[in-house]
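Heads up: take any position in the sequence shown, counting from 1, add 1, and you land on our numbering.
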Amino acid sequence: MNYLKSNVSLIFFVFVFFLLAGCHTNVPTNKPVLVSTPEKMDKKTSETISNALEYALQHNGDIGDTIRLQFTGLVNNFYKANDDNNVWSHQEKWEPLADSLYQFIEHAALSGLFSNDYHFKKLRTLKDALDMDSVKRTDANLWTKADLMLTDGFMHLVKDLKQGRLNKDSISYNKKELSDSFYSTTLTNLFSTKQLTEVLNGLQPKEAGYWALKNCIPRFIDSMDKRIYTYVTYPLKPNDEKDSLSFIKNLQQRLSESKCIAFTSILPDTLQLKLAIKKYQHLKNIRQDGKISATFIKMLNGSDGERFKRIALTLDRYKQLPDSMPEKYIWVNLPAYYMQLWDHDTVVINSKIICGKPATRTPLLNSYITDMVTYPTWTVPNSIIVKQYLPKLKNNPNYLTSIGLHLVDSKGETVSGNDVKWSKYSKGIPYKIMQGSGDDNALGILKFNFSNTYAVYLHDTNQRYLFKNAVRSLSHGCVRVQEWQKLAFYIARNDSMNVKPGETLHYTTDSIMAWLDRKENKRISVKNKISLFIRYFTCEAKNGKIKFYDDIYGEDKFIREKYFTDK
Numbered sequence: 002m003n004y005l006k007s008n009v010s011l012i013f014f015v016f017v018f019f020l021l022a023g024c025h026t027n028v029p030t031n032k033p034v035l036v037s038t039p040e041k042m043d044k045k046t047s048e049t050i051s052n053a054l055e056y057a058l059q060h061n062g063d064i065g066d067t068i069r070l071q072f073t074g075l076v077n078n079f080y081k082a083n084d085d086n087n088v089w090s091h092q093e094k095w096e097p098l099a100d101s102l103y104q105f106i107e108h109a110a111l112s113g114l115f116s117n118d119y120h121f122k123k124l125r126t127l128k129d130a131l132d133m134d135s136v137k138r139t140d141a142n143l144w145t146k147a148d149l150m151l152t153d154g155f156m157h158l159v160k161d162l163k164q165g166r167l168n169k170d171s172i173s174y175n176k177k178e179l180s181d182s183f184y185s186t187t188l189t190n191l192f193s194t195k196q197l198t199e200v201l202n203g204l205q206p207k208e209a210g211y212w213a214l215k216n217c218i219p220r221f222i223d224s225m226d227k228r229i230y231t232y233v234t235y236p237l238k239p240n241d242e243k244d245s246l247s248f249i250k251n252l253q254q255r256l257s258e259s260k261c262i263a264f265t266s267i268l269p270d271t272l273q274l275k276l277a278i279k280k281y282q283h284l285k286n287i288r289q290d291g292k293i294s295a296t297f298i299k300m301l302n303g304s305d306g307e308r309f310k311r312i313a314l315t316l317d318r319y320k321q322l323p324d325s326m327p328e329k330y331i332w333v334n335l336p337a338y339y340m341q342l343w344d345h346d347t348v349v350i351n352s353k354i355i356c357g358k359p360a361t362r363t364p365l366l367n368s369y370i371t372d373m374v375t376y377p378t379w380t381v382p383n384s385i386i387v388k389q390y391l392p393k394l395k396n397n398p399n400y401l402t403s404i405g406l407h408l409v410d411s412k413g414e415t416v417s418g419n420d421v422k423w424s425k426y427s428k429g430i431p432y433k434i435m436q437g438s439g440d441d442n443a444l445g446i447l448k449f450n451f452s453n454t455y456a457v458y459l460h461d462t463n464q465r466y467l468f469k470n471a472v473r474s475l476s477h478g479c480v481r482v483q484e485w486q487k488l489a490f491y492i493a494r495n496d497s498m499n500v501k502p503g504e505t506l507h508y509t510t511d512s513i514m515a516w517l518d519r520k521e522n523k524r525i526s527v528k529n530k531i532s533l534f535i536r537y538f539t540c541e542a543k544n545g546k547i548k549f550y551d552d553i554y555g556e557d558k559f560i561r562e563k564y565f566t567d568k
């Protein structure tokens with residue numbers, strides 16, 4: 002019996018020993034694997050690539066030396082299809098494509114990217130070692146790590162250049178993940194053509210605005226202040242002492258970086274902070290009130306480093322657009338306060354707009370113009386009723402009448418505010434609040450309907466004087482268009498130019514003018530629907546320079562904190 006137990010123990014020990022020994026052979030090692038001649042290097046590198054990938058698949062991309070592959074499965078599939086052969090070097094010499102890819106990664110900022118996302122620090126260390134140390138040049142392990150990092154970095158570049166880094170949402174046209182075959186085909190194409198620039202350029206948007214912005218980056222980088230400044234998050238969480246202390250500490254750190262206050266372990270008092278803020282305001286040549294405000298914090302965070310991040314995410318927003326834009330489309334850029342109508346790569350209408358307030362944002366969306374309405378009525382959205390009108394109606398049942406609105410029941414009959422018990426409503430009311438058509442209507446004398454779930458539209462306004470304002474985020478969510486007449490006439494001409502034989506067009510520019518002159522309420526169906534894109538681009542190229550717009554809804558701030566905090 003003891004003999005049997007002894008044999009069982011021995012068998013178990015031998016099994017565990019070989020199991021561990023087998024696992025150990027797959028563990029990437031930091032010990033050199035030296036090869037005697039360059040002719041033997043490729044074979045040995047192929048063996049170490051196979052072992053490293055086997056281990057990486059079981060250990061979340063780890064290949065040793067704190068290197069972690071981001072696209073382990075794709076990298077493994079590529080090498081298995083190529084018999085685990087190294088592809089970026091041969092016989093202890095870099096392939097020309099390896100040098101080209103390394104240079105692209107080093108200068109990734111020129112494409113709005115961050116080089117360290119593609120292993121640049123590790124690649125630079127390895128490349129310097131392999132280029133300058135004759136002994137390390139004979140180490141198959143180093144060539145293996147370099148090969149795998151270059152392949153993984155290329156896969157990562159493919160994703161970021163093609164789809165960007167932002168999460169796919171309701172306005173993204175690239176909602177599906179790139180297929181595995183797309184990555185492998187792109188890399189295979191690179192090795193076939195040996196044209197890195199051509200292959201990588203082919204992944205990127207074709208939009209002229211994208212390339213104009215990207216082409217401005219070299220000039221921006223050449224003149225940028227590359228110092229790293231502390232980012233100050235604002236506003237504070239209500240009644241959160243810990244958050245307040247963290248804010249003061251970050252503010253002190255940021256002001257110290259501009260030589261406006263000393264940074265110590267002791268937080269400054271109110272007077273010290275006020276004097277430091279005044280000093281910073283003096284440096285920026287602005288009014289010196291010493292007050293902490295959203296505007297002041299925005300200025301502090303407006304470093305060139307932060308501006309670069311805004312360029313980066315704007316380039317990524319282009320990647321959410323269709324691969325090719327329609328021949329004719331309406332483009333609304335909210336932070337820039339403009340609408341453009343594009344026809345065959347030419348802007349034929351350029352108009353100022355008024356968009357939603359930060360509290361009632363204009364939604365980002367893709368749609369198309371379905372119809373136009375002359376002398377429209379306005380039905381107030383429920384969100385405005387609940388937030389703005391209901392509290393006032395509880396105090397004054399005649400409030401609607403005083404501002405030119407009326408209450409309508411389900412039968413379409415007007416109801417007196419005095420006949421409604423307003424106190425019992427909080428989330429909505431069983432009535433419509435409407436404004437009749439006319440020159441005083443909030444929608445002006447013409448509106449453009451488009452398919453959307455937000456009850457918003459483009460329209461004229463009865464407050465046209467507001468287009469003179471520099472800041473025009475003033476509406477409840479709809480987009481007011483200064484050049485509404487030009488847009489309406491363009492749509493009419495576009496419909497008239499595309500009438501098929503035997504068809505009759507039921508309106509023209511003349512009939513629109515006649516209805517407006519007679520102040521008639523008419524709904525005009527648009528036959529050739531024109532695409533509409535409402536977007537949020539806070540910078541663009543203008544005359545060879547980058548123009549930045551205010552982050553009116555804090556969208557850049559949100560994305561920066563989500564994706565680019567550690568960049």
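Just so you know, even glycine gets a beta-carbon here, dropped at the ideal spot from N, CA and C.
- Every candidate beta strand (DSSP E) stretch fails here, since none sits fully inside the segment 148-189 while reaching 3 residues.
- The three-state reading of DSSP puts residue 247 in helix, counting H, G and I together.
- The residue from 86, 241, 327 with its alpha-carbon nearest to that of residue 369 is 327.
- Within a 10 Å sphere around the beta-carbon of residue 315 sit 16 or more other beta-carbons, which makes this residue buried.
- Comparing alpha carbon positions, the residue from 33, 513, 446 closest to residue 144 is 33.
- The straight-line gap separating the alpha-carbon atoms of residue 70 and residue 63 is approximately 6 Å.
- Three or more beta-carbon pairs separated by less than 8 Å are not found between the segment 407-426 and the segment 339-349, which leaves the two stretches without contact.
- Secondary structure of residue 357 (DSSP, three-state): strand.
- By the Cβ test, the segment 188-203 is not in contact with the segment 290-305, since fewer than three Cβ pairs between them sit closer than 8 Å.
- Excluding residues up to 5 positions away in sequence, 70, 152, 153 lie with their Cβ nearer than 6 Å to the Cβ of residue 76 in the same chain.
- Per the C-alpha coordinates, the member of 98, 443, 555 positioned closest to residue 200 is 98.
- Rounded to the nearest angstrom, the gap between the Cα atoms of residue 238 and residue 57 is 42 Å.
- Under the DSSP assignment, residue 133 falls in the alpha helix (DSSP H) whose first and last residues are 121-133.
- Counting along the chain, the unbroken beta strand (DSSP E) around residue 371 starts and ends at 366-375.
- It is roughly 23 Å from the alpha-carbon of residue 193 to the alpha-carbon of residue 51.
- DSSP, reduced to helix, strand and coil, places residue 390 within a helical segment of the structure shown.
- The C-alpha of residue 112 is placed about 20 Å away from the C-alpha of residue 563.
- By the neighbour-count criterion, in which a residue is buried when 16 or more other Cβ atoms sit within 10 angstroms of its Cβ, residue 442 is buried.
- Contact between residue 468 and residue 483 is confirmed by a C-beta separation of about 5 Å, below the 8 Å threshold.
- In the displayed model, residue 287 falls within coil according to three-state DSSP, outside both helix and strand.
- An exposed status is given to residue 219, since fewer than 16 other beta-carbon atoms sit within 10 Å of its beta-carbon.
- Measuring C-alpha to C-alpha distances from residue 373 to each of 161, 473, 115, 524 identifies 524 as the nearest.
- Residue 284 is classed as exposed because its beta carbon has fewer than 16 other beta carbons within 10 Å across all chains shown.
- Note on geometry: alpha-carbon atoms of residue 378 and residue 228 lie some 55 Å from one another.
- For the options 385, 208, 167, 298, the alpha carbon positioned closest to that of residue 324 is the one of 208.
- Leaving aside the five residues that flank residue 155 on each side, the residues in its chain whose CB is nearer than 7 Å to its CB run, in chain order, 102, 188.
- Straight-line spacing of the CA atoms in residue 414 and residue 408 works out to 8 Å.
- Per DSSP, reduced to three states, the secondary structure at residue 449 is strand.
- Taking residue 74 as reference, the option from 90, 516, 53, 358 with the minimal CA-CA separation is 53.
- In this structure the segment 356-369 lies against the segment 474-482, because at least three pairs of beta carbons, one per stretch, are closer than 8 Å.
- Distance between residue 513 and residue 458, taken at the CA atoms: about 19 Å.
- When rounded, the separation of the alpha-carbon atoms in residue 119 and residue 104 is 12 Å.
- Following the DSSP letters along the chain, one finds residue 332 in no alpha helix (DSSP H) but inside the beta strand (DSSP E) bounded by residues 329-334.
- A straight-line Cα-Cα distance of about 6 Å links residue 449 and residue 460.
- Under DSSP, residue 534 forms a beta bridge with 332, 367.
- Residue 196 and residue 294 have their C-alpha atoms some 51 Å from each other.
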